[in-house]
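My numbering puts the first residue of the sequence shown at 2, with every later residue one more than the last. Remarks on the structure that follows.
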Amino acid sequence: MNRLKIGSWKSVSILTAVLALVGACAGGGDRKGEAYAQEAWAYFKKMCDERSGEKIYKTFIGVKGVLVVKPLPSATEKDLFDQYWYGDPYSATATSQRAKSAATSLTLDSRGPTGIQRGLEFVEIVKDGDKPGQFQRIERPVSNDSLAKVIDIEKPTSRFGVAWEDISTPEDRKYWVAGSRLRVFDLTDNSIVAERIGYFIEAGFGSTAGQRRPWLASRGPSTTCPPLLGGDYSDNWFVTKVFKQTEEK
2 MNRLKIGSWK SVSILTAVLA LVGACAGGGD RKGEAYAQEA WAYFKKMCDE
52 RSGEKIYKTF IGVKGVLVVK PLPSATEKDL FDQYWYGDPY SATATSQRAK
102 SAATSLTLDS RGPTGIQRGL EFVEIVKDGD KPGQFQRIER PVSNDSLAKV
152 IDIEKPTSRF GVAWEDISTP EDRKYWVAGS RLRVFDLTDN SIVAERIGYF
202 IEAGFGSTAG QRRPWLASRG PSTTCPPLLG GDYSDNWFVT KVFKQTEEK
């Protein structure tokens, strides 16, 4: 068994500098006050230290694709302003096409922390529509600049599944903190082979000053743990660690 543990975010000391900007960002009637901001950042740090990180229990070679067993929910414009929207804003940019775009991102090549990481050959998803039991396959595009090919399939063939889940509590959201869990399953026995738990703090605490859309405005490396260094490629990077392209020497 190969287990990789990437430790939770060790420090948010650099983020204390952000506190000086919170008031300006919040502005007017949306200002929460320095005491609230300090309490919120302390809560975020606690969740990062105690809960966030990656666990990879097994790795595999030669895996071509996965089935999305639980997709990211879509987001309405109203959701982007809702402190208690439990839609996992950590994992991907909140848009109406999140489910398919998050799945497609797993097929794309990207430059990750260890160099170029090749995406999966395909991702299988439940087809949108009224009839249950219909599926589609998103095939890896020829290049990241071209469109992925989407075809209808009779049934999925993937051995492995991925699932996104918002694990936020009302206590988290009181501080504009969102919790996230991304899991990779072996569908032959429903065992969990990898798991990432992440947290995201909305640094403006719901401010709409300057036409801010809260759950989009501050998502980045300094407000997430593990830090989202690759933005919407971070899920791709995590899955690539599980499904390695070649044996490690």
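C-beta: ideal position from N, C-alpha, C; glycine also.
Contact defined as beta carbons within less than 8 Å: I believe residue i pairs with residue j. What is the distance between those atoms, to the nearest angstrom?
i	j	result
Y260	A195	No statement about residue 260 is possible, as the shown extent of the chain runs from 2 to 250 and does not include it.
V243	V185	5 Å
W216	L73	About 13 Å; that fails the 8 Å criterion.
D89	S181	5 Å
L109	N237	6 Å
T94	D233	6 Å
State the DSSP-derived secondary structure class of residue i, mapped to helix, strand or coil.
i	result
K52	Sequence check: residue 52 is Arg here, not Lys. In the structure shown, R52 sits in a helix (DSSP, three-state: H, G or I).
E40	helix
L229	coil
D236	helix
F45	helix
S219	coil
F206	coil
G63	coil
E196	strand
D190	coil
L81	helix
G29	Residue placement at G29 is flagged as unreliable, the pLDDT there being 38, under the threshold of 50; a coordinate-derived value is accordingly withheld.
Would the beta-carbon of residue i fall within 9 Å of that of residue j?
i	j	result
E125	Q137	yes
W165	E203	no
V295	L107	The chain is shown only over 2 to 250; residue 295 falls outside these bounds and no answer can be derived.
T224	F201	yes
G66	T158	yes
K261	R197	Because the chain is modelled from 2 through 250, residue 261 falls outside the range shown and cannot be assessed.
A179	I139	no
K245	F45	no
F239	L148	no
Measuring alpha carbon to alpha carbon, tell me which residue in the options is nearest residue i.
i	options	result
K71	G211, S169 and F161	F161
S92	D167, V127 and V64	D167
K101	Y44, T241, A76 and T60	A76
G54	Q135, A149, C226 and S147	C226
D83	F206, T241, K156 and G221	F206
G120	V127, D129, Q135 and R141	R141
F174	G34, E35 and M48	The question names Phe, but residue 174 in the sequence shown is Arg. The shortest C-alpha separation from R174 is found at M48.
V69	R99, A43, D50 and Y87	R99
Q135	D153, V143 and S144	D153
Y87	I117, E172, V64 and P228	E172
G221	T209, G199, A210 and G211	G199
E155	V127, S144 and V143	V127
T241	S111, T209 and S219	S111
Counting only beta-carbon separations shorter than 9 Å, does residue i have a partner in chain B?
i	result
V67	Looking at the structure shown, chain B is missing, and only one protein chain is on hand.
Counting only runs that start and end within the segment 159-185, where is the beta strand (DSSP E) found for 3 or more residues in a row? The qualifying runs are 161-167.
Just list the alpha helix (DSSP H) runs in the segment 98-156, keeping only unbroken ones of 4 residues or longer that don't cross its boundaries, in chain order. Listed in chain order, they are 99-106.
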